[in-house]
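Colleague: One structure follows; several queries about it will come next.
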Amino acid sequence: MSNTIQAKLQGIRGMPDVLPGEAEFWELFEEAVRSWLKSYGYRPIRMPIVEPTPLFKRAIGEVTDIVEKEMYSFVDSLNGELLTLRPEGTAGCVRAVIQHNLIAQQPQRLYYIGQMFRHERPQKGRYRQFHQVGVEALGFSGPDIDAEMILMGARLWDDLGLEGIKLQLNTLGQPEERARHRAELIAYFEQHQDVLDEDAKRRLHTNPLRILDSKNPAMQPIILGAPKLIDFLGEASLEHFNAVQQVLRDAGLPFEINPRLVRGLDYYNLTVFEWVTDRLGAQGTVCAGGRYDGLIGQLGGKPAPACGFAMGVERLVSLIRDAGGEPLPAGTDVYVVHQGEAAARMAFRVAEGLRDNGVDVVLHCGGGSFKSQMKKADSSGAMFAVIIGDDEVAAGEVSLKPMRDEGDEQKRVKIDDLADAIMNTMLDCDEEEEA
RNA sequence: GCGGCAUUAGCUCAGUCGGUAGAGCACUGGAUUGUGAUUCCAGGUGUCACCGGUUCGAUCCCGGUAUGUCGCCCCA
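The first sequence begins at 1240 in my numbering and counts up by one.
What follows is the structure, encoded as structure tokens:
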């Protein structure tokens, strides 16, 4: 033993492991999400987790919290490149779309699922490594795709059995409209400097729009009296916003217009939306997005409109668990118990033979008493134990013991008949359940 | 990044007014040397998160650190 104190090896703060038991909920969620995306015609795309740092600075905005203080950036010591672990997915997706000319011929509906990284103080529902489902529709200009994306959300919450997720909607207008509003806003807040808190003063000339999102009670009166963006919107912007709302009303989807809804990333324009819940404490947003018509051009592509949103997987899985969702069953169909050398060899043949027939099998490994093997067969959740000992080997048979059905008795079955015997019993059970 | 609270067995938690600790569940073995889930019996040496301070003595008091959690900030 050395005298050095060995630091306990542990994962990085804010980057939790997802263990069996919870991971099954993730798989349930991912399966539901993939089938939902397919039903809307979205296709998968996979980008690297690491991108050149300038990509995020240009896409997200230099003065955002993400770029200012939350990015995991580092120098690639082998060639001096400045790289960053992606803090969000849209920038990388757009980069890939530009690089491979994906929307040269036609618009694309794309999605990805994966981890993102932001150096924030961890909390429930907020982690330094977290996962998002990103959904992007590139090359679409009309309000129809915005509305469809919002309707998609409503369907997913329904598919997942989630209640109490509410829609908030806003429009940010076009850059020139925002610029005029911004100038008025700065002028207005400058007249009320004495009321502004430190954070607001800092933002006054960098990102005044976000002062509107402040929760500081002392500032609420002047925020309420501030120039409203909607008064600066032109005909086209208003029409776009109205058209989105019209589809939502036609679909009977309730929403709240929240003029203070300001997305944290700079690339948005026109429609922005958030799905929020009050069941997750301070982290209420489970899904958010909007239109980003300028981003593709801003990143060097041929200018094209686009719209997208992202969901927080940790937050949604947490909601699913709280709602009493059932994870995918972790059990197996058959657990093979065996005693003796000849039986062990036969057990492999039996197990593989069952798998050839589509039966899930756990083969007991690691020896142990017969009793302990039966206990493991029970706790595995298997419908059947297949028991192989000297008697069975000699007869070329196995003993098939139903573990869940009180009425059924253990019986001897020829190896060739085993798969059929199991399948027939399982089918009977399914029919009984359906009846 | 700031503030509050927490951290004791694999899990959920008691407890020690400072004298190095317990329960339930789980797990393992046995009663039953080929039959689980029920029953009974047996099985705990756990750096009481880590580092330091006070003390004859610290799991307990104090300080720091780490991690979690709640809120702020921000966001998915």
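Glycine included, every Cβ here is placed at the ideal spot set by N, Cα and C.
Which runs of the beta strand (DSSP E), 3 residues or longer, sit entirely within the stretch 1388-1460?
Modeller: With a minimum length of 3 residues, the continuous beta strand (DSSP E) runs that stay inside the stretch 1388-1460 are 1405-1410.
Colleague: On the three-pair Cβ rule with 8 Å, is the stretch 1574-1585 touching the stretch 1408-1419?
Modeller: Touching, no.
Colleague: Between which two residues does the alpha helix (DSSP H) carrying H1479 extend?
Modeller: Where H1479 is concerned, the enclosing alpha helix (DSSP H) stretches over E1474 to D1489.
Colleague: Determine whether the beta carbon atoms of P1544 and A1482 lie at a separation below 8 Å.
Modeller: For P1544 and A1482, no; Cβs fall outside 8 Å.
Colleague: Distance check for Q1354 and C1546, CA to CA, integer angstroms please.
Modeller: Near 21 Å, if we compare the C-alpha coordinates of Q1354 and C1546.
Colleague: May I ask you to list the residues that DSSP assigns as paired with F1356?
Modeller: F1356 is bridged to Q1368.
Colleague: Rounded to whole angstroms, how far is the Cβ of V1637 from the Cβ of V1589, which I believe are closer than 8 Å?
Modeller: That pair is a contact at about 6 Å.
Colleague: If you reduce the DSSP assignment to three classes, tell me which class E1591 lands in.
Modeller: Correct three-state label for E1591: helix.
Colleague: State the DSSP-derived secondary structure class of L1324, mapped to helix, strand or coil.
Modeller: In this structure, L1324 counts as strand in the three-state DSSP scheme.
Colleague: Can you list the alpha helix (DSSP H) stretches of 4 or more residues lying completely in the stretch 1252-1311, in chain order?
Modeller: Those alpha helix (DSSP H) runs which fall completely within the stretch 1252-1311 and span 4+ residues are 1262-1278 and 1292-1299.
Colleague: Assuming the contact rule is C-beta atoms closer than 8 Å, A1298 and L1534 should be a hit. Round their C-beta distance to whole Å, please.
Modeller: The pair is a contact, with the Cβ atoms about 6 Å apart (cut-off 8 Å).
Colleague: Is it the case that the Cβ atoms of E1309 and R1365 are separated by a distance below 8 Å?
Modeller: Cβ atoms of E1309 and R1365: not closer than 8 Å.
Colleague: Would you kindly work out how many angstroms separate the C-alpha atoms of R1325 and C1604, rounded to a whole number?
Modeller: In a straight line, the C-alpha of R1325 is about 42 Å away from that of C1604.
Colleague: Using DSSP with H/G/I as helix, E/B as strand and the rest coil, what is A1582?
Modeller: Correct three-state label for A1582: helix.
Colleague: By DSSP, does Q1362 sit in helix, in strand, or in coil?
Modeller: If DSSP states are grouped into helix, strand and coil, Q1362 belongs with the strands.
Colleague: According to DSSP, simplified to helix, strand and coil, what is N1340?
Modeller: N1340: coil per DSSP, three-state reduction.
Colleague: To the nearest angstrom, how far is the alpha carbon of Q1537 from that of D1599?
Modeller: Straight-line Cα distance between these residues: approximately 52 Å.
Colleague: How many whole angstroms separate the CB atoms of I1352 and H1370, which I take to be in contact at a CB cut-off of 8 Å?
Modeller: Contact holds; Cβ gap of about 7 Å.
Colleague: Quick one: Cα of R1334 to Cα of D1667, how far?
Modeller: Rounded to whole angstroms, R1334 to D1667 spans 54 Å at the Cα level.
Colleague: Considering only residues of the same chain and omitting the five flanking positions on each side of V1434, which have a CB-CB separation below 7 Å?
Modeller: A1457, M1458 and I1461, listed in sequence order.
Colleague: Whose C-beta lies closer than 8 Å to the C-beta of F1379 among residues of the same chain, with five residues either side of it excluded?
Modeller: The residues are P1346, P1544, A1545 and C1546.
Colleague: Could you please give the first and the last residue of the uninterrupted beta strand (DSSP E) stretch that includes L1639?
Modeller: Run containing L1639: E1636 to P1641, per the beta strand (DSSP E) assignment.
Colleague: Below 8 Å CB to CB, which residues in the same chain sit around T1303 once its five sequence neighbours on both sides are set aside?
Modeller: Contacts found: N1446, G1503, L1504 and D1505.
Colleague: State the CB to CB distance for the pair I1654 and G1635, rounded to an integer number of angstroms; the pair is presumed to be in contact (CB under 8 Å).
Modeller: Going by Cβ atoms, the distance from I1654 to G1635 rounds to 6 Å, so yes, they are a contact pair.
Colleague: What first and last residue would you give for the beta strand (DSSP E) that runs through K1653?
Modeller: Per DSSP, K1653 belongs to the beta strand (DSSP E) from K1650 to K1653.
Colleague: In this structure, does DSSP put F1379 in helix, strand or coil?
Modeller: Looking at F1379 - three-state DSSP - the assignment turns out to be coil, as it is neither helix nor strand.
Colleague: Report the three-state DSSP secondary structure of T1243 (helix, strand or coil).
Modeller: Legend: pLDDT at T1243 = 34, less than 50; position of this residue unreliable, value from coordinates given subsequently. In the structure shown, T1243 sits in coil (DSSP, three-state: anything other than H, G, I, E or B).
Colleague: Are the beta-carbon atoms of L1390 and F1512 separated by less than 8 Å?
Modeller: No, the Cβ-Cβ distance between L1390 and F1512 is not below 8 Å.
Colleague: Leaving out five residues before and five after D1644 in sequence, what residues of the same chain have Cβ atoms less than 6 Å from its Cβ?
Modeller: Excluding residues within five positions, none has a Cβ falling inside 6 Å.
Colleague: First and last residue of the alpha helix (DSSP H) that includes E1553?
Modeller: Run containing E1553: V1552 to D1561, per the alpha helix (DSSP H) assignment.
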